[in-house]
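See structure below.
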Amino acid sequence: MTQNNKNNQNKKKTVALLLALLLLVGSVIGGTLAWLTDKTGAVKNTFTTAGIEITLTETKGTYDETDEDYKFSMIPGFSLEKDPKVTVLKGSEQCYVFVKIEKACGVTGKTFDDYLTFDLAAGWTKLTEETTADVYFRVVDKSTTADQPFSVLLNDKVTVKGTVTNEMMEAIGEDEEPTLTFTAYAIQYMKNESENFTASEAWTNIKSADN
Numbered sequence: 289m290t291q292n293n294k295n296n297q298n299k300k301k302t303v304a305l306l307l308a309l310l311l312l313v314g315s316v317i318g319g320t321l322a323w324l325t326d327k328t329g330a331v332k333n334t335f336t337t338a339g340i341e342i343t344l345t346e347t348k349g350t351y352d353e354t355d356e357d358y359k360f361s362m363i364p365g366f367s368l369e370k371d372p373k374v375t376v377l378k379g380s381e382q383c384y385v386f387v388k389i390e391k392a393c394g395v396t397g398k399t400f401d402d403y404l405t406f407d408l409a410a411g412w413t414k415l416t417e418e419t420t421a422d423v424y425f426r427v428v429d430k431s432t433t434a435d436q437p438f439s440v441l442l443n444d445k446v447t448v449k450g451t452v453t454n455e456m457m458e459a460i461g462e463d464e465e466p467t468l469t470f471t472a473y474a475i476q477y478m479k480n481e482s483e484n485f486t487a488s489e490a491w492t493n494i495k496s497a498d499n
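289 is the number of the first residue of the sequence shown in this note's numbering; add one for each residue after it.
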């Protein structure tokens with residue numbers, strides 16, 4: 289064998305030995321090698337409750353704590369200050385607001401309308417589908433900065449009709465006085481992301497929940 293062949297074989301043996309050593313070292317420390325990795329911070333989703341809050345207030349008239357109502361003295365032809373106000377509190381979702389107005393009179397053969405009259409403030413629409421009571425509604429958008437108050441009566445007043453006579457006054461017995469009662473309701477405007485309730489649907493939902 290020539291000297292060159294011996295040198296080549298020695299070189300091959302050296303390379304093979306080095307490769308074997310590298311494989312051996314890799315198998316020993318391979319368990320501690322780290323892959324290239326990354327990780328983001330956690331993104332937490334919290335789903336809070338939404339809501340609608342309204343109030344109904346009055347400030348005019350003499351409040352009777354016993355009967356829990358406001359008292360007014362009727363003079364034919366005169367207007368009486370009466371200021372029912374519905375307020376949608378800030379942060380409430382977009383909603384329908386309804387006001388149910390109930391008129392009553394205990395005098396035989398007479399009605400509330402024989403004694404008093406009033407008009408609704410601007411912005412209220414009569415719900416014609418409701419036939420058992422006078423119901424009016426409006427749509428109120430969400431406000432995150434301020435409460436939204438709405439007067440119910442035009443100019444905050446009712447008027448005693450000039451056609452009311454002494455006989456009509458004298459016919460009013462105890463607990464037979466004409467009365468005017470307001471109740472306010474609110475319900476969400478949208479049924480889903482793209483479709484809103486009709487006023488009739490919303491009122492039906494309110495009545496179902498109120499029973």
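The beta carbon of each residue, even a glycine, is placed where N, CA and C say it ideally should be.
Source: prediction; values computed, not measured.
Element boundaries [beta strand (DSSP E), containing residue i]
{"i": "I389", "result": "383-392"}
{"i": "Y351", "result": "350-352"}
{"i": "A472", "result": "467-476"}
{"i": "D234", "result": "This structure gives no information on residue 234, because the portion of the chain shown stretches from 289 to 499."}
{"i": "L501", "result": "Residue numbering for the chain in the displayed model covers 289 to 499; residue 501 lies beyond these limits and cannot be assessed."}
{"i": "K373", "result": "373-376"}
{"i": "T343", "result": "342-345"}
Cβ-based burial, residue i [other Cβ within 10 Å; buried from 16]
{"i": "S315", "result": "With a pLDDT of 48 at S315, under the threshold of 50, the predicted position of this residue should be treated as unreliable, though the coordinate-derived value follows. With fewer than 16 Cβ atoms within 10 Å of its Cβ, S315 is classed as exposed."}
{"i": "A490", "result": "buried"}
{"i": "D444", "result": "buried"}
{"i": "K479", "result": "exposed"}
{"i": "I363", "result": "exposed"}
{"i": "P372", "result": "buried"}
{"i": "S274", "result": "Outside the shown range of the chain, which is 289 to 499, sits residue 274, and nothing can be said about it."}
{"i": "L442", "result": "exposed"}
{"i": "A322", "result": "exposed"}
{"i": "Q330", "result": "Just to set this straight, residue 330 is Ala in the shown sequence, not Gln. Looking at its Cβ environment, which holds fewer than 16 other Cβ atoms inside 10 Å, A330 is exposed."}
{"i": "K335", "result": "A quick correction: the sequence has Phe, not Lys, at residue 335. Looking at its Cβ environment, which holds fewer than 16 other Cβ atoms inside 10 Å, F335 is exposed."}
Extent of the continuous alpha helix (DSSP H) to which residue i belongs
{"i": "S496", "result": "487-498"}
Residue nearest to residue i in terms of C-alpha spacing, selected from the options
{"i": "A434", "options": "L377, Y358, G329", "result": "L377"}
{"i": "Y532", "options": "G349, P364, T325", "result": "Nothing can be reported for residue 532, as the shown portion of the chain is limited to 289 through 499."}
{"i": "C393", "options": "Y384, L468, G339", "result": "L468"}
{"i": "D503", "options": "T328, D355, A322", "result": "Lying before the first or after the last residue shown, residue 503 is absent from the chain, which here runs from 289 to 499."}
{"i": "F485", "options": "A421, A472, P437, V385", "result": "V385"}
9 angstroms Cβ cutoff met for residue i and residue j
{"i": "K244", "j": "D407", "result": "The structure shown does not extend to residue 244, since the chain is modelled only from 289 to 499, so the question has no answer here."}
{"i": "R426", "j": "G411", "result": "yes"}
{"i": "I340", "j": "I494", "result": "no"}
Cβ-heavy atom distance, residue i to the ligand ADP, below 8 angstroms
{"i": "F485", "result": "Questions concerning the ligand ADP fall outside what the structure shown contains, since it holds no ligand whatsoever."}
Starting from the N-terminal side, write out each stretch of the alpha helix (DSSP H) that is 4 residues or longer and does not extend beyond the region 395-457. Whole alpha helix (DSSP H) segments, 4+ residues: 400-403.
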